[in-house]
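Below you'll find the structure, written out as structure tokens, and then a few comments.
Protein chains: 2
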Amino acid sequence: MKLQKPTATADRLVDIAESLFAEKGFYGTSIRDLADGIGIAKSSLLHHYPTKQKLYGAVLKKLANEMTLEVKGISERFADEKEQIFQLVQLLCDNSEKKPNRVNIILRELLDNPKRAEKAKKWFFVDYFKELTGMIKSGQDKGLFKPVNPEIFILQLLGAHRYLIISLPTVRQFFDESIYQQILKNHRAELETFVKERLMKEKGDHNGIYRNSV
Amino acid sequence: MKLQKPTATADRLVDIAESLFAEKGFYGTSIRDLADGIGIAKSSLLHHYPTKQKLYGAVLKKLANEMTLEVKGISERFADEKEQIFQLVQLLCDNSEKKPNRVNIILRELLDNPKRAEKAKKWFFVDYFKELTGMIKSGQDKGLFKPVNPEIFILQLLGAHRYLIISLPTVRQFFDESIYQQILKNHRAELETFVKERLMKEKGDHNGIYRNSV
DNA sequence: CAGTCTACCGACCGATCGGTAGACTGTCAA
DNA sequence: TTGACAGTCTACCGATCGGTCGGTAGACTG
């Protein structure tokens, strides 16, 4: 029985850790919570990951690998940079519904990273970020995109999306339900418009994933 | 000596709490850290704020009041909605340099708020957010702005800015210093361009805080 | 069947957590 | 002068923290 799933426990730990770290953060999550979450003893957790920090690192690594792969997949499947960017927007929006933990963990990591000081070790998301800015630069080289600063554009795009996502629970709690629903419904289109206006040159009204609604 | 500053300790506690909560989050900050930070005993802290949660609440309240006042100040000083929005961008950028703790606390609050469940009590930033969306709606009523969804636009604007701000330490740590400097230098202008393209109607090339560079 | 390995466990460690109790101080109003 | 009181302190509490320790069960290897 055990042999059938040789590393099942370690994987399950990463899964539960992803959701608990997303929900309560690194310091707000105890290794007891994590162990209890999958029904093993605390010392068993520490058998697989000798410190909480190591487990957290495994979560980050898995997350970064998945995300980098997804983005590289877009680069490979679509030759046109315009199409790539719009696919990226789709990916962001789809994933914040399908994998809601991701955005939380990334934001928490950005906030805590300066103090946790995992220096010397290369940060997990460097490849991810460079892949994204690479898309922009490539499109600019071909004259498809406006000459925005690629890094700033990506940060603004990710920020516009992710900040909205983490605001949703609060919006729902303290504002009218109708406002919340409006945001949910139109966010994707507004993000596409953001990309179009901010990045695309006027002429060449690109392949219409999204028609200008105004 | 004590009487000269009757409530000085309570205020100093809010100050140190603002910076420590910003840096390490609610769960990452202990009341011992806070008390040591201003050189008083832990129980003295608890005399002024009976729980850590109450102190945290005081920090949020002060922050929200300051920010709401600043935004209302813009509404009052400038009649033109276009000008108001550009002043808002200035305010955001200036404050993230002058009061770097703010963005961190706000982001952490958005992340933790769903679980901390301070329900029943009105959230501190409701007024702030409504003031901002009010600006947009007012400008739209006068036909100055495009018919974007006001709530989404504000969330995207705040997100584009604040996400970039909290990313800066990480960018500096893991990317070339030149990239970091480029971001610092151009962020404000890129944010203004974002507002112009996303919100302003084409005609009426408004008072030129920032010329279209493309 | 001895040796080795992985997975897991309960008991325990020192440290730190948020919070309480009670004593002492100085100030101020009656 | 006295009593109330805000502010501060030391000492302490039970709970929980991250992590260690010694040991068990079972599977695989020679």
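Which chain is which? The protein sequence lines are A and B, in order. Residues in the first sequence are numbered consecutively from 1122, following the working numbering. Residues in the second sequence are numbered consecutively from 1122, following the working numbering. C-beta atoms are modelled at their ideal positions from N, C-alpha and C, and glycine is treated no differently. It should be emphasised that the depicted structure is a prediction, and the values quoted were computed from it without experimental measurement.
{"query": "Please confirm if the segment 1274-1281 of chain B is in contact with the segment 1214-1222 of chain B, defined as three or more CB-CB distances below 8 Å between the two stretches.", "result": "no"}
{"query": "Determine the burial state of B/G1329: buried for a count of at least 16 other Cβ atoms within 10 Å of its Cβ, exposed for fewer.", "result": "Residue placement at B/G1329 cannot be trusted, given a pLDDT of 39 that sits under 50; what the coordinates show is reported in the next sentence. Counting Cβ neighbours within 10 Å, B/G1329 comes out exposed, since fewer than 16 surround it."}
{"query": "Taking 8 Å as the CB-CB limit, is B/P1221 close to chain A?", "result": "no"}
{"query": "How about B/V1232: is its C-beta nearer than 8 Å to some C-beta of chain A?", "result": "Here residue 1232 of chain B turns out to be Leu, not Val, going by the sequence shown. At least one chain A Cβ lies under 8 Å of B/L1232."}
{"query": "Please identify, using Cβ separations under 8 Å, the residues of the segment 1284-1297 of chain A that lie next to chain B, in order along the chain.", "result": "Y1284, L1285, I1287, S1288, P1290, T1291, V1292, Q1294, F1295 and F1296"}
{"query": "So, does the CB of B/I1300 fall closer than 8 Å to a CB anywhere in chain A?", "result": "yes"}
{"query": "As a quick exercise: from B/K1251, B/Q1294 and B/K1175, pick the residue whose alpha carbon is nearest that of A/K1243.", "result": "B/Q1294"}
{"query": "So which residues on chain A does B/Q1303 lean against when the C-beta distance must stay under 9 Å?", "result": "N1270, E1272 and I1273"}
{"query": "In the DSSP assignment, the alpha helix (DSSP H) including A/I1152 goes from what residue to what residue?", "result": "I1152 to G1158"}
{"query": "Report all residues from its chain with a CB closer than 6 Å to the CB of A/R1133; omit the five preceding and five following residues, and keep chain order.", "result": "I1159"}
{"query": "Taking only the alpha-carbon atoms, compute the straight-line gap between B/D1157 and B/S1288 and give it to the nearest angstrom.", "result": "29 Å"}
{"query": "Quick one: Cα of B/E1272 to Cα of A/L1285, how far?", "result": "10 Å"}
{"query": "Pull out every residue of the segment 1148-1160 of chain A whose Cβ sits closer than 7 Å to any Cβ of chain B, in chain order.", "result": "Y1148 and G1149"}
{"query": "Could you check where the alpha helix (DSSP H) with B/Y1170 kicks off and where it finishes?", "result": "Per DSSP, B/Y1170 belongs to no alpha helix (DSSP H) and is neither H nor E."}
{"query": "Which chain A residues are close to B/L1186, counting only those with a beta carbon under 9 Å from its beta carbon?", "result": "With the sequence shown as reference, residue 1186 of chain B is identified as Asn, and Leu is not the correct amino acid for it. Going along chain A, no residue has its Cβ under 9 Å from B/N1186, so there is no contact; the nearest lies around 17 Å."}
{"query": "Does the distance from the CB of A/I1226 to the CB of A/L1265 come in under 8 Å?", "result": "no"}
{"query": "Helix, strand or coil, according to DSSP, for B/F1266 in the structure here?", "result": "strand"}
{"query": "Less than 8 Å separating the beta-carbons of A/L1232 and B/R1229?", "result": "yes"}
{"query": "Measure the Cβ-Cβ separation of B/S1196 and B/E1252 and say whether it is below 8 Å.", "result": "yes"}
{"query": "Please identify the residue among A/A1143, A/V1224, A/A1131 and A/T1150 whose C-alpha is closest to the C-alpha of A/P1171.", "result": "A/A1131"}
{"query": "If A/A1138 sits next to A/V1180, beta carbons under 8 Å apart, how far is it from one beta carbon to the other, in whole angstroms?", "result": "5 Å"}
{"query": "Below 8 Å between beta carbons: does that hold for B/L1320 and B/F1250?", "result": "no"}
{"query": "Any C-beta of chain A sitting closer than 8 Å to the C-beta of B/Q1211?", "result": "no"}
{"query": "Ordered along the chain, which non-local residues of its own chain (more than five positions away) have a Cβ less than 6 Å from that of B/L1176?", "result": "A1138 and Y1170"}
{"query": "If distances are taken between C-alpha atoms only, which option among B/F1246, B/A1162, B/V1224 and B/E1311 comes closest to B/A1143?", "result": "B/V1224"}
{"query": "Whole angstroms are fine: how far does the CA of A/E1204 sit from the CA of A/V1316?", "result": "11 Å"}
{"query": "Can the beta-carbon of A/S1140 be found less than 8 Å from the beta-carbon of A/N1234?", "result": "no"}
{"query": "Going by other Cβ atoms of all chains shown within 10 Å of its Cβ, with 16 needed for buried, is A/H1168 buried or exposed?", "result": "exposed"}
{"query": "Is DSSP giving A/I1304 helix, strand or coil here?", "result": "helix"}
{"query": "What number of angstroms, rounded off, separates the C-alpha of B/Q1303 from the C-alpha of B/A1162?", "result": "45 Å"}
{"query": "Would A/K1263 count as contacting chain B if we go by Cβ distances under 8 Å?", "result": "no"}
{"query": "Does any residue of chain B have a CB that is nearer than 8 Å to the CB of A/V1316?", "result": "no"}
{"query": "In angstroms with no decimal places, state the Cα-to-Cα distance between A/G1149 and A/G1260.", "result": "42 Å"}
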